[in-house]
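Residue numbers (our numbering): 80 to 155. Built from N, CA and C at the ideal position, the CB exists for glycine as well. Here the structure is a predicted model, which means the values were calculated and not measured. Here the structure is laid out as structure tokens; the discussion comes afterwards.
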């Protein structure tokens, strides 16, 4: 049961960090390349379209890393 909890918490942490980092990277790249910010459309796209994609990817990676870490932790 502890392995599942560790896996879930690692996936949740990866989800949040992935969402924030992906949205921040998209906003930074958009500012550097001069993308129009008309009424915040690009910012909303970065946060609500690109952010979840990064969150999903990083959440899967976090869950996988948590599963591996918890598996090694329980070995004698």
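- [ ] Pick helix, strand or coil for residue 142, following the three-state DSSP scheme.
- [x] Position 63 of the chain shown, counted from the first residue, corresponds to residue 142. If DSSP states are grouped into helix, strand and coil, residue 142 belongs with the helices.
Open item on the list: Going by DSSP in three states, residue 109 sits in which element: helix, strand or coil?
Closed with: Within the chain shown, the letter at position 30 stands for residue 109. It is helical.
TODO: In the DSSP assignment, find the unbroken alpha helix (DSSP H) run with residue 121 in it and report its ends.
DONE: Taking the chain shown and counting its residues from 1, one reaches residue 121 at position 42. For residue 121, the enclosing alpha helix (DSSP H) has its first and last residue at 120-124.
Task: CB contact check: residue 148 to chain D, cutoff 7 Å - done: The chain inventory of the structure shown lacks chain D, comprising one protein chain alone.
- [ ] Have a look at 146, 141 and 131 and flag the residue whose alpha-carbon is nearest the alpha-carbon of residue 93.
- [x] Taking the first residue of the chain shown as position 1, residue 93 is located at position 14. Of the listed residues, the one whose Cα sits closest to residue 93 is 141.
TODO: Since I believe residue 109 is in contact with residue 125 (beta carbons under 8 Å), could you give me their beta-carbon distance rounded to a whole number of angstroms?
DONE: Position 46 of the chain shown holds residue 125. Position 30 of the chain shown holds residue 109. Contact flag correct, Cβ pair sits at about 7 Å.
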